[in-house]
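Heads up, the thing below is written out as structure tokens.
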Amino acid sequence: MIHVEDLTKYYGDFCAVNQINFDIEKGEILGLLGPNGAGKTTTLRMLTGFIQPTSGTIRVKDLNIYRDTFEIKKILGYLPESAPLYHDMLVYDYLIFVSGIRGIEKEKRPSHIHHLADLCGINEIMHKPIGELSKGYRQRVGLAHAMMGDPEILILDEPTSGLDPNQIVEIREIIRQIGREKTVVLSTHILSEAEATCNRIIIVNHGKIVADGSTDTLKQSASGGHLEISLQNADLKSVREKLMPIDGVEGITQLDGEGYLHLRINCKSPPDIRADIYREIKKTDWVLLEFHHETKTLENIFRELTKEI
Amino acid sequence: MSRIKYIFKKEFGLYFISPIAYIVISIFLLVTGWLFFSTFFLYNQANLRNFFNLLPITFSFVVPAITMRLFSEELNVGSYEILLTMPVTSLDVILGKFLAATAFIVVMLIPTISYPVMISFIGQLDWGPVIGGYLGAILLGAAFTAIGLFASSLTRNQITAFIIGMAICLGLTLIDKMLILLPKGILGLLQYMGADFHFQNIAKGVIDSRDILYSLSISFVALYGTHIVMQERN
Numbered sequence: 104m105i106h107v108e109d110l111t112k113y114y115g116d117f118c119a120v121n122q123i124n125f126d127i128e129k130g131e132i133l134g135l136l137g138p139n140g141a142g143k144t145t146t147l148r149m150l151t152g153f154i155q156p157t158s159g160t161i162r163v164k165d166l167n168i169y170r171d172t173f174e175i176k177k178i179l180g181y182l183p184e185s186a187p188l189y190h191d192m193l194v195y196d197y198l199i200f201v202s203g204i205r206g207i208e209k210e211k212r213p214s215h216i217h218h219l220a221d222l223c224g225i226n227e228i229m230h231k232p233i234g235e236l237s238k239g240y241r242q243r244v245g246l247a248h249a250m251m252g253d254p255e256i257l258i259l260d261e262p263t264s265g266l267d268p269n270q271i272v273e274i275r276e277i278i279r280q281i282g283r284e285k286t287v288v289l290s291t292h293i294l295s296e297a298e299a300t301c302n303r304i305i306i307v308n309h310g311k312i313v314a315d316g317s318t319d320t321l322k323q324s325a326s327g328g329h330l331e332i333s334l335q336n337a338d339l340k341s342v343r344e345k346l347m348p349i350d351g352v353e354g355i356t357q358l359d360g361e362g363y364l365h366l367r368i369n370c371k372s373p374p375d376i377r378a379d380i381y382r383e384i385k386k387t388d389w390v391l392l393e394f395h396h397e398t399k400t401l402e403n404i405f406r407e408l409t410k411e412i
Numbered sequence: 002m003s004r005i006k007y008i009f010k011k012e013f014g015l016y017f018i019s020p021i022a023y024i025v026i027s028i029f030l031l032v033t034g035w036l037f038f039s040t041f042f043l044y045n046q047a048n049l050r051n052f053f054n055l056l057p058i059t060f061s062f063v064v065p066a067i068t069m070r071l072f073s074e075e076l077n078v079g080s081y082e083i084l085l086t087m088p089v090t091s092l093d094v095i096l097g098k099f100l101a102a103t104a105f106i107v108v109m110l111i112p113t114i115s116y117p118v119m120i121s122f123i124g125q126l127d128w129g130p131v132i133g134g135y136l137g138a139i140l141l142g143a144a145f146t147a148i149g150l151f152a153s154s155l156t157r158n159q160i161t162a163f164i165i166g167m168a169i170c171l172g173l174t175l176i177d178k179m180l181i182l183l184p185k186g187i188l189g190l191l192q193y194m195g196a197d198f199h200f201q202n203i204a205k206g207v208i209d210s211r212d213i214l215y216s217l218s219i220s221f222v223a224l225y226g227t228h229i230v231m232q233e234r235n
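Chains as they are written, first to last, in this note's numbering: chain A, 104 to 412; chain B, 2 to 235.
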């Protein structure tokens, strides 16, 4: 659907985006994750054709961003950060204006607008000036704006920034709903959000991609991780003797636990050593009470990948 | 074409949503009406020459006030990003805004038609120069609108846009008044550049293609400049 190759953007001497490559498939919800100033917004703006890349190519379907900017704009809906809309206009007038520019036939406009209003929950504020709306409602109007004319691709820049928790949940639900039929690219610096809404995540830092994959693969591929087991009828010394020789085990430490042994096994992953450990335990007369694989949270991965060196 | 229409509608509508339109129109009518009628009965002549004489000066102040928000506000609020990521070209945006502001100036001039109508009751009014004057006023308004639009594209501060626009318009109006100080060689050129010079020709009732061409070329140059500035921003 979208193909990005060696995309680079310089602002004067400052390199905001540095040779990034990725492909987005149809029907994906892609989260662009990164700390402030990592180049998320710049990347999205280049995808929409609002700013020109310094070098590199973007292809949307078979269209080239330099040559077919106009055609790309037609199949793309965009919500900029903090939804900068015309403050003096009424919500309904604004949506009518957008539907006109989007080339929706006159007879279909009211029904299409009502459909979007239902989806985004803005029915009761249609008659208000945009400038008087709360941030959450403005964001919803922006979302309705982006979805006008059913574009195939939606690009949302920090769609939930500045919203209260209830609104965040609602907006996420809307995005998930849209994501069933459309390709969505959204940027955020909130990890739980990316985890909750996206099926694929790209982490950027200093204009470079540092990780790319689904939430599960990202968690698995991150170095480290540990197992927690609880054993009855065993002592720490013999456990160490039996389990340390297994390839991949880096250390065993005792955690709390009364009447049984609660251990943490630090291991390299991959390879997955759970089977080896189980087999080793089966040979003894220990009683296995608990066996738990603790993966790294996305938060740890994110911090690891984007921390300043 | 239809995209220009929607931008035109939006911009034209926005003028009348905010109170600015009514304030500007009131001030314009008050200033021109007062300046015109304060001397009208002294001259004791049934024509509008005095009204049209002053129009380039009043337009130099009023038109930049009308155009100052067109781009500055969009750049300041950030709505330009939303506008330009819809399927429109920057040329659509520029032309839509230009036509909307020009249409607003026409609306602003409509109440002044009551002057010639009133005068025609109290004396013999020659309608030729009046019609020429209004045609010239619209052309002048369009040229100044283009200049104001250009000024507005330069900055995100509306006050700065107003001052830049006013300076250029006033410069063009007064350029042929300062010719005494200059060498003879460039006199013709500078006179040709003066907006007032061309406007007065039309206002006399003489419709010369050169004067019309002047307005159109000023509009074209300023709009093209706006286009370049907005392209450079991306």
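In this text, a Cβ means the ideal position worked out from N, Cα and C, and glycines have one as well.
- The three-state secondary structure of residue 317 (chain A), taken from DSSP, is coil.
- Contacts with chain B (Cβ-Cβ distance below 8 angstroms) from the segment 260-286 of chain A involve no residue at all.
- Within 10 angstroms of the beta-carbon of residue 287 (chain A) lie 16 or more other beta-carbons, which makes it buried.
- Boundaries of the alpha helix (DSSP H) harbouring residue 91 (chain B): 91-110, taken from the DSSP string.
- Residue 127 (chain B): not part of any beta strand (DSSP E); DSSP gives it neither H nor E.
- In this structure, the straight-line span from the alpha carbon of residue 141 (chain A) to that of residue 245 (chain A) is close to 24 angstroms.
- Cβ-Cβ distances below 6 angstroms link residue 154 (chain B) to 72, 227, 230, 231 in the same chain, with the five nearest sequence neighbours on each side left out; the list follows chain order.
- The continuous stretches of beta strand (DSSP E) do not include residue 201 (chain B), which lies in the alpha helix (DSSP H) extending over residues 196-204.
- For residue 82 (chain B), a Cβ of chain A is located within less than 8 angstroms of the residue's own Cβ.
- A Cβ-Cβ separation of about 5 angstroms places residue 315 (chain A) in contact with residue 305 (chain A) under the 8 angstroms criterion.
- Annotation: the continuous alpha helix (DSSP H) that includes residue 81 (chain B) extends over 80-85.
- Spatial neighbours of residue 144 (chain A) in its own chain (CB-CB distance under 7 angstroms, excluding positions within 5 residues in sequence) are listed in chain order as 184, 260, 290.
- For residue 87 (chain B), a Cβ of chain A is located within less than 8 angstroms of the residue's own Cβ.
- Under the Cβ distance rule, residue 7 (chain B) counts among the residues neighbouring chain A, one pair being separated by less than 8 angstroms.
- Within 10 angstroms of the beta-carbon of residue 2 (chain B) lie fewer than 16 other beta-carbons, which makes it exposed.
- Against residue 205 (chain A), the close residues of chain B are 87, 88, in the order they occur along the chain (beta-carbon pairs closer than 9 angstroms).
- For residue 13 (chain B), the three-state secondary structure derived from DSSP is helix.
- Counting only Cβ-Cβ distances below 9 angstroms, residue 78 (chain B) has contacts in chain A at 187, 188, 189, 190, in chain order.
- By the rule that beta-carbons nearer than 8 angstroms mark a contact, residue 242 (chain A) does not touch chain B.
- Here DSSP, grouped into helix, strand and coil, assigns residue 77 (chain B) to helix.
- Taking 9 angstroms as the upper bound on Cβ-Cβ separation, chain A lies near residues 4, 6, 7, 8, 10, 11, 14, 15, 18, 19 of the segment 4-37 of chain B.
- Flagged as an interface residue toward chain B: residue 181 (chain A), by a C-beta distance shorter than 8 angstroms.
- Taking all protein chains shown into account, residue 23 (chain B) has fewer than 16 neighbouring C-beta atoms within 10 Å of its C-beta and is therefore exposed.
- DSSP places residue 248 (chain A) inside the alpha helix (DSSP H), whose first and last residues are 238-250.
- Annotation for residue 100 (chain B): 9 place their beta carbon closer than 6 angstroms to its own, counting only its chain and skipping 5 residues before and after.
- Distances from the alpha-carbon of residue 358 (chain A) to those of A:129, A:345, A:154, A:339 put A:339 closest.
- Collapsing the DSSP output to three states places residue 232 (chain B) in a helix.
- Distance from the Cα of residue 180 (chain B) is smallest, within the candidate group B:140, B:212, B:188, for B:188.
- Judged by beta-carbon spacing, residue 368 (chain A) lies beyond the 8 angstroms limit of residue 392 (chain A), meaning their Cβ atoms are not closer than that value.
- Across the segment 150-180 of chain A, CB contacts with chain B closer than 8 angstroms involve 151, 152, 153, 154, 155, 173, 176, 177, 179, in sequence order along the chain.
- The distance from the Cβ of residue 85 (chain B) to that of residue 153 (chain A) is about 6 angstroms, consistent with a contact at the 8 angstroms cut-off.
- Beta-bridge partners of residue 335 (chain A) (DSSP): A:390.
- Neighbours of residue 248 (chain A) in chain B, taken as residues whose beta carbon is under 9 angstroms from its own, are 83, 87 in chain order.
- In chain order, 153, 154, 155 make up the part of chain A whose C-beta sits under 8 angstroms from the C-beta of residue 235 (chain B).
- For residue 342 (chain A), the three-state secondary structure derived from DSSP is helix.
- Nearest to residue 28 (chain B) by C-alpha distance, out of B:18, B:75, B:112, is B:112.
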